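Counting in the UniProt record's numbering, the sequence shown runs from 1 upward without gaps.
Just so you know, even glycine gets a beta-carbon here, dropped at the ideal spot from N, CA and C.
These figures come from a predicted structure and were not determined experimentally.
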Amino acid sequence: MGKHLFRSSPPPEKPTAHLSLAESAVQECMSNINTVISKWTSPAASSSDDFLFSTNSRREAEEFVTAVRHLQSTMHRLVSVNPSSEKLIYAQNLMQSAMKLLESEFHRVLKANREYLDPECVSVRSYRSSRFSTSTTTSVSDSEDESSYEENADEEHRFSGGDSDAMDDLKMIADCMISTGYAKECVRVYKTVRKSIVDETLHNLQMERFNLHQVQKMDWEILESKIKTWLKAVKLAVRKLFFGERILADHVFSSSGLIVESSFTEITQEGALILFTFPEYASKIKKLTPEKMFRFLDMYEALANLYVEIESIFYFESAAAVRSQVINSLARLGDATRLMMTDFESAIQKETSKTPIIGGGVHPLTRYVMNYLSFLADYSDSIAAIFENWKLSVPTPLPDSLYISGGDEANPEDLYSSPVSVRIAWVILLTLCKIDGKAQPYKDVALSYLFLANNLQYVVVKVRSSTLKVLLGDDWVFRHEEKVKLYADKFEKLAWGRVLDLLPEIPTDEISPEEAKVLVARFNDEFETSYRKQTSWVIPDPKLRDQIKITLSQKLMLVCTEFYRMNRFAYGMVGDNEAISRYTPEDIGNYLSDLYFGSRGSGSVSTAGGSGSGSGSGTGSSSTGKARGGRSSH
């Protein structure tokens, strides 16, 4: 058996011959490689002002990288042939020199092209064709932001010192260093340079690192200023800074997903957490009042609108903390908003002012609530998410006042499916109930109905002219417009009923002069009393004011004109030149035209023998010379 084994062994000199042949080939290859690499790694090259990765040496840079790859494959061959070869040590030294140069060039390209590699410019060039998520480009290209991106689309050309091939150069170097086992050195340089840029950019955006205690100690004016700064910064940070960093990392380290993830996360996570933690801290301040709600809704809306992009940019598992922080901040902002909304509703219920509004005008509570709700409705998407699954706490049983003021709307949940519509309808109902109670102190019932009409008209106009109409619907507007008409009708009957009752149903019927005289005298007294009482009353809404005046004029003027025509003598001289009528139909029209603008003078009306003062200047005042200066001519 031993002879057989010995006989089957190769000749002793054959391996030596094979080794010599392989080393000879390696020697020749390394000689060629050394020529290319040494040109850029020798002491003479180090003292030169030329750089390997520059516009003038693009082809030589590619040759250098190719030579490095050949050197690596040659070293693998040499290890397989003769692991103890001195040429392997030489090759390793040559490789280290090449890697040292590439590392230096990588750092130089990153620093020299810093402006061109600014995240804003990278994101502008790449936002339409993101390499990491189609959803990112979709969300970025909404109408508002797409226009701003296109306006800045030429920013990539504004840097005269920038190298347009910088990103490709970095990728070439990174690919070479990673494939030759020098990924650690490459990534270290990249992280150091890029993180300093991210940190500096956030600093320029005035993003500061705060803890919860610092935020809670801030005066509201200071905190509000910080919120405004944050609102401006967050869009830029997400859509340009972080988006640009993700694009750059994806491009430079496209050969290794793990390196993309680790480098991007380490570069951006600290700054992202500073940015996205601020809303949570702001939401935890101790004095949350309804007036502050809109700043918190601004932050909620900004984060919610950016969330899809944030999720795409920070997709990696290692960036889960960033995504979680955004979700947590949204939740805390929602909590704060619900708390402030609850306080807002409570403040309405606790409003206890009892002093009647002069002239029956719009109550400050009505103005405040409706202006507040009008602003709130502009955040309909955000509050829809915040109010979702937030049950309305309706008292059971409902107070009678709610049924009186709200009718079929006493429980908005029976009418609306949208939580936002339910909440807003409920707040308006609470307000109208309060207004109903504030009508009680008026001693004049007519004025109390005018007060109700004015306030409900203000509510309807605010709803009709804002996003509230979308939330409450046309049917809501119609029902409340009808209720305004109901209040106006009751006001008219109570304020002018005694005057209207004196007018004959058939003004053309013949009556005796004495009957006409008595009727005219009573009409004079009742009209003067009603007019004088109402000179300080007000109808702020022009449309409602005109509607009421037109209705009154039609009822009064038509009958008065016919009666005046049929009984003209009664308006003239009777007996010893006694003027029976103080008001012709034209006089009545002039007096009515001056009403409901508020307090306007003494409120006196003209008397038969003198030039009585009118109610002041205003509509119809141009004709007061005839109307209030004495008798009219016939």
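Endpoints, alpha helix (DSSP H) assigned at residue i
i, result
"D169", "166 to 179"
"A304", "293 to 313"
"K191", "183 to 204"
"W220", "220 to 236"
"L348", "Position check: residue 348 holds Ile in this sequence, whereas Leu was assumed. Element bounds for I348: 320 to 350."
"D381", "380 to 387"
"V369", "364 to 377"
"I247", "243 to 252"
"L52", "Taken as a continuous stretch (DSSP letters only), L52 belongs to no alpha helix (DSSP H), as it is neither H nor E."
"L212", "212 to 217"
Cβ-Cβ distance between residue i and residue j below 8 Å
i, j, result
"R209", "I267", "no"
"Y487", "T366", "no"
"I259", "R338", "no"
"M30", "T74", "yes"
"Y449", "W537", "no"
"R323", "E309", "no"
"V109", "F53", "yes"
"M95", "L117", "no"
"K111", "V193", "yes"
"L376", "S421", "no"
"E301", "S382", "yes"
"L502", "S553", "no"
"I227", "R295", "yes"
"L248", "M177", "no"
"I548", "E481", "no"
"L330", "A304", "yes"
"G598", "G359", "yes"
"F276", "V215", "no"
"residue 637", "V79", "The structure shown does not extend to residue 637, since the chain is modelled only from 1 to 634, so the question has no answer here."
"I37", "S97", "yes"
"L170", "F106", "yes"
"I173", "F242", "no"
"T431", "V362", "no"
"residue 635", "S254", "The displayed coordinates of the chain run from 1 to 634. Any statement about residue 635 would go beyond what the structure contains."
For residue i, the three-state DSSP class (helix, strand or coil)
i, result
"L538", "The question names Leu, but residue 538 in the sequence shown is Val. In this structure, V538 counts as strand in the three-state DSSP scheme."
"F451", "helix"
"A439", "coil"
"G473", "coil"
"P83", "coil"
"H634", "Note that H634 has pLDDT 34, beneath the 50 cutoff, so the model's placement of it is unreliable and the number below is only indicative. Coil at H634, not helix or strand."
"P585", "helix"
"I259", "helix"
"W426", "helix"
"T467", "coil"
"T355", "coil"
"F316", "coil"
"M30", "helix"
"M207", "coil"
"residue 640", "Summary: the structure shown does not reach residue 640, with the chain confined to residues 1 through 634, and so no result is reported for it."
"F285", "Checking the sequence, you will find Ile at residue 285 rather than Phe. Of the three classes helix, strand and coil, the one that applies to I285 here is coil, per DSSP."
"E115", "coil"
"H157", "With a pLDDT of only 33 at H157, under 50, the local geometry of the prediction cannot be trusted, and the value read off the model is given with reservation. The answer is helix: DSSP assigns H157 an H, G or I state."
"S418", "coil"
"D444", "coil"
Span separating the alpha-carbon of residue i from that of residue j
i, j, result
"I197", "L205", "12 Å"
"P356", "C433", "15 Å"
"L447", "I424", "28 Å"
"E345", "K292", "15 Å"
"Q440", "W496", "20 Å"
"K438", "A453", "13 Å"
"D343", "Q349", "10 Å"
"E526", "V499", "6 Å"
"E245", "M218", "33 Å"
"residue 644", "S104", "In the structure as shown, the chain begins at 1 and stops at 634. Residue 644 is therefore absent and cannot be evaluated."
"G334", "I550", "49 Å"
"D475", "K543", "20 Å"
"V461", "E515", "47 Å"
"L297", "M340", "11 Å"
"L429", "N389", "21 Å"
"D546", "E528", "21 Å"
Paired residues, beta bridge with residue i - DSSP
i, result
"residue 643", "No answer is possible for residue 643: the residues shown for the chain start at 1 and end at 634."
The ligand ADP heavy atom lying under 7 Å from the CB of residue i
i, result
"A237", "With respect to small molecules bound, the structure shown includes none, and the ligand ADP cannot be examined in it."
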